[in-house]
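Okay, here's the thing in structure tokens:
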């Protein structure tokens, strides 16, 4: 049997960056790149999407334009369901469903014209960074959150270049190291 080519497989399986699953992995990669942790390989089904130091980061993605033919743009909503995560480092499952990350990064691919959407262009993404404690306090059992409701929670909306600092600030808020101000205030006052 011949040995198959990995690059050929990746092109075959993941060429369409607008599919929901591939776009989600791409969003994780974009955030990992902003954090400078791309040398750490992605672990499927881990408790956190990304870990930087002792900060667990959950990455969610959405887009107006999908891979399939659409009659209208997609309504933006993100999955925020508490889950029983698997901790790859400890090789154990969490006992009960929870939002275990310190920070949620909601990644929105903003393009609305299929011909001009370029998922690899970080300028076409907007990021909404929120301490998990804000989600837990305001939308305790909610499974999804729409963009308008998310914005009402006052996440730090930022561009790619601001992600790293924003994630560190949100983690500090989540851990009580920055006052109990509204999340957006705490993330933009510095």
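Residue numbers (our numbering): 3 to 192.
Ideal Cβ placement from N, Cα and C applies to all residues, glycine included.
Bear in mind that the values here come from a model prediction, so they are computed numbers and not experimental data.
So, using beta-carbon positions, are residue i and residue j closer together than 8 angstroms?
i: residue 66; j: residue 26; result: no
i: residue 242; j: residue 177; result: The question about residue 242 has no answer here: the residues shown for the chain are numbered 3 through 192.
i: residue 133; j: residue 161; result: no
i: residue 107; j: residue 169; result: yes
i: residue 7; j: residue 69; result: no
Based on the DSSP secondary-structure assignment, which residues constitute the bridge partners of residue i?
i: residue 128; result: 110
i: residue 11; result: DSSP lists no partner for residue 11.
i: residue 148; result: 79
What's the call for residue i, buried or exposed, on a 16-neighbour Cβ count within 10 Å?
i: residue 30; result: buried
i: residue 4; result: exposed
i: residue 52; result: buried
i: residue 158; result: buried
i: residue 16; result: exposed
i: residue 152; result: buried
i: residue 55; result: exposed
i: residue 104; result: buried
Could you tell me which whole beta strand (DSSP E) segments of length 3 or greater appear in the stretch 46-80? Correct list: 52-54 and 57-65.
Three-pair Cβ contact test at 8 angstroms for the stretch 67-86 versus the stretch 144-153: Taking a cut-off of 8 angstroms for Cβ pairs, the stretch 67-86 and the stretch 144-153 touch, as three or more such pairs fall below it.
Is the stretch 47-61 touching the stretch 114-124, taking contact as three or more C-beta pairs under 8 angstroms? No contact exists between the stretch 47-61 and the stretch 114-124.
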